[in-house]
């Protein structure tokens, strides 16, 4: 499928998917973004929906500027997946004990580790931990002072909301491990700090939406934001790596012969320095993954729908991007009003997971149809594997 040109009077806006399915509020946001003088272009993914400042499911390419609200408050949020040597036949009929073991090993919701994880003994495959933590001293002081201890104890934790840990089966019966999380409290605190800083700058005084405030190149504010941004993105990557290492330990204890292929790990709330259309740009993906030619990616559904391992096709019209998931079709409050715990039980049949009112806002019915989302971006990615979850852990 090719894109639809939204006929912007400013920078071009290209939409993959059905225009009629996009909320008017989200369309208004997209046109506001395109009007910013620094914007080179906007690519809109088929899972697009209204967000704060910038729409979720948008890829914004800017010249010499970046909007912290267009990254979002969960800096570096993303996915990690790993294929195992296990098959469906290796799994027990009752997966409840496995789910409990995962929840015991990896804190979820507001919980955190009692002490920081010993990354010297947990096999993440990542190095440079001392150098990484030493960067904490350079972060924005108001945030660093109040969050260092929490950041260390939250490394290797899931959080709540739409974050999850899953055990999945591919169509050929192979077992996959998959999880979704980001930069936890410290990333949120850094994002909020810089969003407020940007709003106070004189060049942002007359923007159509104050939440679209930007930092511009060659200023102290931009340099401070990029320093904190890149550190938080790395924290998110390492957070997922620690969780996956802890997850592998759980699986290995129950299935000693299990082997694991290399991880696939992708951000979907982040900024990257890239070249498109012959220009050096700052590309913000808020609810989108990089899908350069050959890039491996992960596009999850909801807690009762398929997820996909994909390979990027390098579509330049989309700034080499693809969707980050199914995307919400209703707010969390709307989902709680519309659905019941009985609906959740029905929609997650066959999945070992929470089925109580505490996760009702994450019910599959609150999300768009992942099959339609995938069909709308067939020129952005090719499907490598289709997964269905049999265990889902949520905060």
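Numbering (my numbering), first residue to last: -6 to 388.
Cβ coordinates follow ideal geometry from the N, Cα and C atoms, glycine included.
Quick caveat, the model's predicted, so the values are computed rather than measured.
Thinking C-alpha only, which one of the options is nearest residue i?
i, options, result
"residue 188", "202, 74 and 349", "202"
"residue 210", "37, 55, 139 and 294", "55"
"residue 277", "114, -1 and 62", "62"
"residue 387", "258, 41, -5 and 153", "153"
"residue 89", "160, 204 and 25", "160"
"residue 325", "74, 269 and 44", "44"
"residue 182", "26, 141 and 358", "141"
"residue 74", "357, 208, 258 and 274", "258"
"residue 266", "346, 170, 39 and 313", "313"
"residue 290", "-3, 280 and 298", "280"
"residue 364", "298, 233 and 332", "298"
"residue 350", "335, 106, 339 and 219", "335"
"residue 123", "367, 9, 288 and 231", "231"
"residue 288", "98, 31 and 315", "315"
"residue 260", "37, 106, 64 and 105", "64"
"residue 83", "275, 249 and 323", "249"
"residue 117", "190, 255, 327 and -2", "255"
"residue 71", "263, 190 and 121", "263"
"residue 57", "215, 14 and -4", "215"
"residue 11", "106, -3 and 192", "-3"
"residue 285", "306, 270, 268 and 46", "306"
"residue 366", "37, 81, 26 and 244", "37"
"residue 218", "196, 190 and 234", "190"
"residue 147", "177, 15 and 157", "177"
For residue i, which residues in the same chain have their Cβ closer than 7 Å to its Cβ, ignoring the five residues on either side in sequence?
i, result
"residue 180", "67, 68, 69, 225, 228 and 229"
"residue 145", "109"
"residue 92", "345, 384 and 386"
"residue 353", "328, 329, 332, 334 and 337"
"residue 121", "none"
Once the 5 residues before and after residue i are set aside, which same chain residues still bring their CB inside 6 Å of it?
i, result
"residue 77", "168, 251 and 253"
"residue 378", "163 and 302"
"residue 60", "205 and 207"
"residue 270", "none"
Would you kindly work out how many angstroms separate the C-alpha atoms of residue i and residue j, rounded to a whole number?
i, j, result
"residue 341", "residue 292", "19 Å"
"residue 79", "residue 294", "22 Å"
"residue 49", "residue 311", "15 Å"
"residue 330", "residue 103", "24 Å"
"residue 301", "residue 198", "42 Å"
"residue 155", "residue 241", "22 Å"
"residue 304", "residue 376", "6 Å"
"residue 236", "residue 0", "44 Å"
"residue 361", "residue 40", "7 Å"
"residue 52", "residue 5", "12 Å"
"residue 113", "residue 175", "21 Å"
"residue 382", "residue 194", "46 Å"
"residue 32", "residue 207", "11 Å"
"residue 8", "residue 86", "43 Å"
"residue 95", "residue 106", "14 Å"
"residue 323", "residue 359", "5 Å"
"residue 18", "residue 348", "32 Å"
"residue 46", "residue 22", "7 Å"
"residue -5", "residue 143", "45 Å"
"residue 272", "residue 119", "32 Å"
"residue 126", "residue 132", "11 Å"
Since I believe residue j is in contact with residue i (beta carbons under 8 Å), could you give me their beta-carbon distance rounded to a whole number of angstroms?
i, j, result
"residue 373", "residue 308", "5 Å"
"residue 222", "residue 29", "Incorrect: roughly 18 Å between the Cβ atoms, too far for contact."
"residue 42", "residue 320", "5 Å"
"residue 100", "residue 172", "Between residue 172 and residue 100 the Cβ distance is about 13 Å, and since that is not below 8 Å, they are no contact."
"residue 356", "residue 317", "Not a contact, Cβ separation roughly 19 Å."
"residue 98", "residue 274", "In fact, because the Cβ distance is near 41 Å, the residues do not count as touching under 8 Å."
Tell me which same chain residues have a C-beta within less than 8 Å of the C-beta of residue i, skipping the five on either side of it?
i, result
"residue 130", "137"
"residue 135", "186"
"residue 245", "251"
Give a yes or no on whether the minimum CB-CB distance between residue i and chain C is below 7 Å.
i, result
"residue 295", "In the structure shown, chain C does not exist; there is a single protein chain."
*Counting only runs that start and end within the region 195 to 277, where is the alpha helix (DSSP H) found for 4 or more residues in a row?*
Unbroken alpha helix (DSSP H) runs of no fewer than 4 residues, entirely contained in the region 195 to 277, are found at 213 to 247, following chain order.
*May I have a chain-ordered list of the alpha helix (DSSP H) segments no shorter than 4 residues that lie completely inside the region 28 to 56?*
With a minimum length of 4 residues, no continuous alpha helix (DSSP H) run stays inside the region 28 to 56.
*Uninterrupted alpha helix (DSSP H) stretches inside the region 319 to 349 (no shorter than 4 residues)*: Entirely contained in the region 319 to 349, the alpha helix (DSSP H) runs reaching 4 residues are, in chain order, 325 to 331 and 334 to 340.
*Taking only runs of the beta strand (DSSP E) that begin and end inside the region 106 to 170, which ones reach a length of at least 3 residues, in chain order?*
Note on the region 106 to 170: whole beta strand (DSSP E) runs with a minimum of 3 residues are 157 to 163, in chain order.
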